[in-house]
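Participant:
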Amino acid sequence: MQALKRMTLVTPFSSAPFAVRWDKISLVTSVLMLLNIVAMPLKAYISEELPWHSDDKPLTPYQSMSAWDPAYLLLNQALFNRDSLVGRPSFYENRTLRTDIFRVVLDVHDKAPTPVADCLPFLYDLPGLIVYSKSFRDLLCSFASVDHRNSTNVQDGEWHLKGACQSDTFMGLLLGRGCIWLTVGDDMLEAPAPPGIFTMTISFQRTKFYKWLWVKFVYRVLLIALVTSIAWRHYYRRCRELRAAIRHYGHAVSQSPDIWSYEIVVGDPTALVLIDPVVCSLFCIDVCLSMEYVALALVRVTQLGNVDYLFSAFLYFSRLVWFAYFALSATDRILKRYAKEHLFAEVDKTLVAIGVSLAVIPLEYFQANTVVVELYFWIFGLLPSENPDHQLEGVIGCTVLCLSIASLSVIFGFGRRTYLSHRSKSKRRMTRYTSQEFSAFKSKSIVRFVRCLCRRRHTTIESGGSIYAAFAANPRYVMYPTIGLRSLDCFIVCKEHGVSVNTMRVSLRQSLDRCLHDPLAVISESKDDPPTSVFPSVVHTWDSSSQRKTFQLKRGIVPSPWIM
C-alpha cells in the first residue's frame, strides 16, 4: 500500500527520458468537470442571499412580527396589493424585504360549490400547495364551498381581504412566515373584472439571518477545499505518477526514447467524489441548511410567467442530486458488505444528474397535485407545535421528499439489472474494453465531439482495460458497483516516430476488488514470472487446485496505482 502512495522507480532502461506530454483538450475538460462539482456549493447563491448583502441591524416590525398576529396579515396586505404591485409579474421577489409574492387568478363564476370535505381537487395547481398549513386549506376550502355562480359584487366583497398566515420551521428554527389572502377581481389587470373573479395572493417572507449566512458560506468554502483536495490526492497526483513512470520506462520493455513518445489523455476525476458517502452526506447537509429555499423552489417551478425564477428554481433543484449520489454510495457499501454486487447494474453519474434534474419537477408536481399531497399534510402535522393550524414543521416532510429523490437512482439500478439479466448475452471480447467508446456518458460524448472537430488520428492498436473483463466475468471484482469509475481511466497514446500506433487504457487500481478474503474468487498476484510490461494487468489463468478458470494480477515493472 505504501508503494501506491509514493511510487518508487528503479533504474530506468534508458538514460534518456521518454518524451511525454498531456493531451491539452482532455486536461482542460477534466479540470472543467472538476470545477462543475467544486462550484456546486456556490450554485446555491443563484437563489440565496450572500452574507455580505445582509447586516446585523435591529429587526423592523415587519421582520419581527409573529405570523399569528392579525396585524401581520394586515401589514402584508398593505405592502403587497394591486397598487403597489402594478406592472409586476404574477411571481415577484422583493429582495429588500426578502419576500416572494405569488398571485393567482381564481375564476369561479361558473363553478359549482365544492363540499369542504372534498375540496382537495379545488386546491390542485395552486402554487406551493404541498406546504399549505391547515389555516390555508381551511380558508380556501371554505371559499370553494360557496356558490359563486350567481354572486354579485356585494356578495363577492364578503371574501375581500380574507386571509390567514403561517410560520414555517425546520427542527424548531423559524425559516419564514407566509400569508394568503383573497381580493375581488383580477389584480393583474387594470380593468374591472366581472363577479366570480378573485385574486389569491401568497407572500412568503424569509427570516433575516446574518451570522448564519456566514456559517453557511464558510461551510461551503471548506467543502470546496475538501473536494479539491480529494481530486488532487486521489487522482491528479496519480496522473503525475503515471507520467513519471512512462517518462522513465515507456509503455513496454526495451523501448528506445529516440523512437517512442507519448501523449496522456486524462479522465474525469469527479467520480472519486461521488463514491464517497461522507462527502455526499456533507453536500446533503449543505442542501438542508437552506430548506426555506427548497420550499421556495417548489413554488417557483409551478409557474411559467417568470422565466428567470423558473430557471433559478431548476438550478436550485439540481442540487438535490446529492441525495441520489448519497443513496448510491451507501448502496455501494451494502452491496459489498453482503456480496450482492450482481443485483445492481452500474448507473452513469452524468445520467443520474440529468435524470434527477429532469424528474424532480414532474415528481414534485405529481406529489403536489394528486392525493399524495394528503400524505404530506399528515406528515407535516406529525410533530407537536405551538399552533398546529398556523405552523408547519418541515423536518419530516423534507426527509420524505429527499428520500423520494434518493430512491430514484437506486430503483433504476436494481431495475436495470433485472432488465439486462433477461437479455441475450452477446459474446464479450477484450477489445471492447480497450476503446474510449467504453467510457462514461460524458467522457464518450466529449471524445466524439473532439473527433468531429479535430483531424482523425491514424488507426491504432488498442490495449488495456483488463479489469473490465474481470468485472464482466464476476461482479464481485467491482469495488464500486453502483457508480463505475470508467471515467477515471487515462489513455496513453504511444507514438512511433511521431505517429500514433498504440492506445493503451489504464485504470485506477482502487476500482478493482481482488476479493482477498474469498479463496474461491481471490485474484492472486503472480510472483514467479518476471514482469513483461510496465504496468500490472489482470489476466486469465487456470487454477489447478480448483480446476477452473480464474484471474490473476500480473505484476508490472513499476509499482503503480494504475492497471492496464
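Under the working numbering, the first residue of the sequence shown carries the number 438, and numbering increases by one thereafter.
All C-beta atoms in this analysis are idealised placements derived from N, C-alpha and C, irrespective of residue type, glycine included.
Taking the alpha-carbon positions, what's the residue 723 to residue 903 distance?
Facilitator: A direct Cα-Cα distance of roughly 39 Å separates residue 723 from residue 903.
Participant: Kindly list the residues whose CB is nearer than 7 Å to the CB of residue 974, restricted to its own chain and excluding five residues on each side of it in sequence; keep chain order.
Facilitator: 903, 991, 1000, 1001
Participant: Whose C-beta lies closer than 8 Å to the C-beta of residue 840 among residues of the same chain, with five residues either side of it excluded?
Facilitator: 760
Participant: Cutting at 7 Å between CB atoms, please list the residues of its own chain near residue 594, excluding the five before and the five after it.
Facilitator: 621
Participant: Assuming residue 538 and residue 638 form a contact by the criterion Cβ under 8 Å, report the distance between their Cβ atoms to the nearest whole angstrom.
Facilitator: About 7 Å separates the two Cβ atoms, so the contact holds.
Participant: Return the chain-ordered list of same chain residues with a C-beta closer than 6 Å to the C-beta of residue 706, the five sequence neighbours on each side being excluded.
Facilitator: 471, 668, 672
Participant: In whole angstroms, what separates the C-alpha of residue 928 from that of residue 604?
Facilitator: 56 Å
Participant: For residue 642, write down the residues that DSSP places opposite it in a beta bridge.
Facilitator: 536, 614
Participant: What does a CB cutoff of less than 8 Å around residue 505 pick up in its chain, not counting 5 residues either side in sequence?
Facilitator: Excluding sequence positions up to five before and after residue 505, its CB lies within less than 8 Å of the CB of 602, 604, 824, 827, all in the same chain and listed in chain order.
Participant: Using DSSP with H/G/I as helix, E/B as strand and the rest coil, what is residue 603?
Facilitator: Strand at residue 603.
Participant: Inspect the CB distances between the region 766-784 and the region 520-531 and report whether three or more fall short of 8 Å.
Facilitator: Two segments are said to touch when three or more pairs of C-beta atoms, one from each, lie closer than 8 Å; by this definition the region 766-784 does not touch the region 520-531.
Participant: Note the first and the last residue of the continuous beta strand (DSSP E) segment covering residue 932.
Facilitator: Secondary structure note for residue 932: its beta strand (DSSP E) is the uninterrupted segment 927-933.
Participant: Counting only the same chain and skipping the five closest in sequence on each side, list residues whose C-beta sits under 7 Å from that of residue 849.
Facilitator: 784
Participant: Going by DSSP in three states, residue 986 sits in which element: helix, strand or coil?
Facilitator: strand
Participant: Grouping DSSP H, G and I as helix and E and B as strand, with all else coil, what is residue 456?
Facilitator: strand
Participant: Between the beta-carbon of residue 686 and the beta-carbon of residue 994, is there less than 8 Å?
Facilitator: yes
Participant: To the nearest angstrom, how far is it from the Cα of residue 752 to the Cα of residue 734?
Facilitator: 9 Å
Participant: What residue range is occupied by the uninterrupted beta strand (DSSP E) comprising residue 759?
Facilitator: Counting along the chain, residue 759 falls outside any beta strand (DSSP E), though it belongs to the alpha helix (DSSP H) covering 758-774.
Participant: Going by the DSSP bridge assignment, what does residue 529 pair with across the sheet?
Facilitator: According to DSSP, which records beta bridges pairwise, residue 529 is partnered with 538.
Participant: Considering only residues of the same chain and omitting the five flanking positions on each side of residue 854, which have a CB-CB separation below 7 Å?
Facilitator: 780, 781, 782
Participant: Flag this pair as touching only if the region 938-950 and the region 804-813 have three or more C-beta atom pairs under 8 Å; answer yes or no.
Facilitator: Counting Cβ pairs under 8 Å, fewer than three are found: no touch.
Participant: So residue 679 packs on residue 701, CB below 8 Å; how close in whole Å?
Facilitator: Sure, about 7 Å apart at Cβ, within 8 Å.
Participant: Between which residues of its own chain and residue 683 is the CB-CB distance below 8 Å, once the five residues before and five after are set aside?
Facilitator: Residues of the same chain with a CB within less than 8 Å of the CB of residue 683, apart from the 5 flanking positions on each side, are 455, 457, 699, 701, 929, 971 in chain order.
Participant: Ends of the beta strand (DSSP E) at residue 945?
Facilitator: 936-945 is the span of the beta strand (DSSP E), which, as asked, contains residue 945.
Participant: Taking residue 509 as part of the alpha helix (DSSP H), name the residues at either end of that continuous run.
Facilitator: 507-516
Participant: Quick one: grab the DSSP three-state call for residue 953.
Facilitator: coil
Participant: Compute the Euclidean distance between the alpha carbons of residue 598 and residue 712, then round it to the nearest angstrom.
Facilitator: 53 Å
Participant: Please confirm whether residue 962 and residue 696 have their CB atoms less than 8 Å apart.
Facilitator: no
Participant: Identify, in the order they occur along the chain, each residue of the same chain with its Cβ nearer than 6 Å to the Cβ of residue 536, setting aside the five sequence neighbours on each side.
Facilitator: 640, 642
Participant: Can you give me the Cβ contacts of residue 677 inside the same chain, cut-off strictly under 7 Å, excluding the 5 residues immediately before and after it?
Facilitator: none
Participant: Under the three-state reduction of DSSP, which class applies to residue 697: helix, strand or coil?
Facilitator: strand
Participant: Which of the three DSSP states is assigned to residue 596 in this structure?
Facilitator: coil
Participant: So what does DSSP say about residue 867, is it helix, strand or coil?
Facilitator: Any reading at residue 867 needs caution, since the residue's pLDDT is 41, under 50, leaving its predicted position unreliable; the model's value is listed next. Helix at residue 867.
Participant: Can you tell me which of 586, 988, 745 puts its alpha carbon nearest to the alpha carbon of residue 526?
Facilitator: 745
Participant: Please classify residue 618 as buried or exposed, where buried requires at least 16 neighbouring CB atoms within 10 angstroms.
Facilitator: Within a 10 Å sphere around the beta-carbon of residue 618 sit 16 or more other beta-carbons, which makes this residue buried.
Participant: Take residue 575 as the anchor and find which of 587, 586, 559, 584 has the nearest alpha-carbon.
Facilitator: 559
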